[in-house]
Amino acid sequence: MELLKGLLNLIYPPRCLICGKLLEDNDGLCPKCFQGIEIIKHPCCNICGKPLQPESFIGIDDPVCFDCRKRKFFFNYARSIGKYKGILKECIHLLKYKGKKVLLKPLDKLIKTCLDELIPFEKISFITQVPLHKKRLRERGFNQSGLIAGLIGNRYQIPVLSNLLNRIVYTPPQATLTKVERLRNIKGVFAVVGTPSWVECGTILLIDDVYTTGATVNECAKVLKKAGAQEVYVLTLAHGI
1 MELLKGLLNL IYPPRCLICG KLLEDNDGLC PKCFQGIEII KHPCCNICGK PLQPESFIGI
61 DDPVCFDCRK RKFFFNYARS IGKYKGILKE CIHLLKYKGK KVLLKPLDKL IKTCLDELIP
121 FEKISFITQV PLHKKRLRER GFNQSGLIAG LIGNRYQIPV LSNLLNRIVY TPPQATLTKV
181 ERLRNIKGVF AVVGTPSWVE CGTILLIDDV YTTGATVNEC AKVLKKAGAQ EVYVLTLAHG
241 I
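Note that the working numbering gives residue 97 to position 97 of the sequence shown, counting from 1, and the numbers run on in steps of one.
Right, dumping it as structure tokens:
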């Protein structure tokens with residue numbers, strides 16, 4: 001197997017999927033492109049994790065962005081690793097729509113670098129992800145959020161319950177909709193699978209790829225809370241800002 005891998009690398013040398021630079025190992029990204037991912041740093045909104053300008057909340061003990069002040073949320077808070085732009089946006093697009101799973105390697109490295117300060121992992125009972133509808137799952141062949149959940153579960157030795165939530169209604173992709181349409185589009189489309197007794201009193205980490213309006217993760221959190229979950233935290237790779 002290693003010999004075959006070596007021959008393939010000789011014939012088709014691995015290249016960075018962003019800039020095309022030759023790579024020593026097939027890691028998907030070169031070091032320069034990996035360093036070019038824009039990480040979200042404090043200060044950020046205490047609810048959605050959106051980066052904030054320090055002058056926008058002078059004298060406020062609980063900084064919350066304007067959008068989050070107007071809505072009710074069913075999760076404790078959401079955090080994102082980076083900004084949905086540039087290299088990270090392209091990586092998510094290549095993974096999600098082109099099936100470039102080799103990018104899970106640098107994404108795992110990104111998780112290792114940034115995650116400890118974002119989520120209280122000592123409290124998490126188990127991890128789950130925003131589900132795809134079975135039709136879209138057949139089309140794509142995998143759930144990118146499920147792959148990310150698996151990386152995090154392996155790193156922190158936390159159980160991943162990939163079938164906890166079911167998407168019972170097929171809806172247009174959220175990315176094609178306006179903010180108001182996103183909120184309306186996602187209502188009532190998720191359900192907890194099976195008997196939810198083991199969800200009760202648990203603290204759940206919910207994974208998605210991108211946080212835009214928060215409509216999808218909030219609807220998932222609502223269903224989980226209704227099933228008895230004590231707390232729900234949300235983690236995404238990127239924030240749409």
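Cβ coordinates follow ideal geometry from the N, Cα and C atoms, glycine included. Quantities reported herein were computed from a predicted structural model and do not represent experimental measurements.
Looking at C-alpha atoms only, which residue of the options is the closest neighbour of residue i?
i           : options               : result
residue 235 : 18, 46 and 78         : 78
residue 166 : 240, 219 and 152      : 219
residue 209 : 94, 30, 71 and 18     : 94
residue 37  : 52, 107 and 230       : 107
residue 149 : 50, 233 and 63        : 233
residue 49  : 222, 212, 221 and 151 : 212
residue 194 : 224, 171, 205 and 87  : 224
residue 187 : 204, 110, 202 and 168 : 168
residue 144 : 135, 130 and 134      : 130
residue 241 : 52, 20 and 180        : 52
residue 250 : 202, 90 and 181       : In the structure displayed, the chain extends from 1 to 241; residue 250 sits before or after that span and is not available.
Leaving out five residues before and five after residue i in sequence, what residues of the same chain have Cβ atoms less than 6 angstroms from its Cβ?
i           : result
residue 183 : 215
residue 121 : 156
What does the Cβ neighbour count give for residue i, buried or exposed, with the cut at 16 atoms within 10 Å?
i           : result
residue 163 : exposed
residue 147 : buried
residue 46  : buried
residue 97  : exposed
residue 170 : exposed
residue 237 : buried
Helix or strand or just coil, what does DSSP make of residue i?
i           : result
residue 112 : helix
residue 46  : coil
residue 186 : coil
residue 212 : coil
residue 127 : strand
residue 227 : coil
residue 145 : helix
residue 155 : helix
residue 80  : strand
residue 205 : strand
If I measure Cβ to Cβ from residue i and keep anything under 8 angstroms in the same chain, skipping five residues before and after, which residues do I get?
i           : result
residue 112 : 155
residue 65  : 45, 47, 48, 50 and 52
For residue i, collect the residues of the same chain with a Cβ closer than 7 angstroms to its Cβ; drop the 5 residues on either side in sequence, then sort them by chain order.
i          : result
residue 39 : 81, 82 and 114
residue 85 : 38
Worksheet item: Taking contact to mean at least 3 C-beta pairs separated by less than 8 angstroms, is the stretch 19-34 in contact with the stretch 65-82?
Response: They do not touch, by the three-pair rule.
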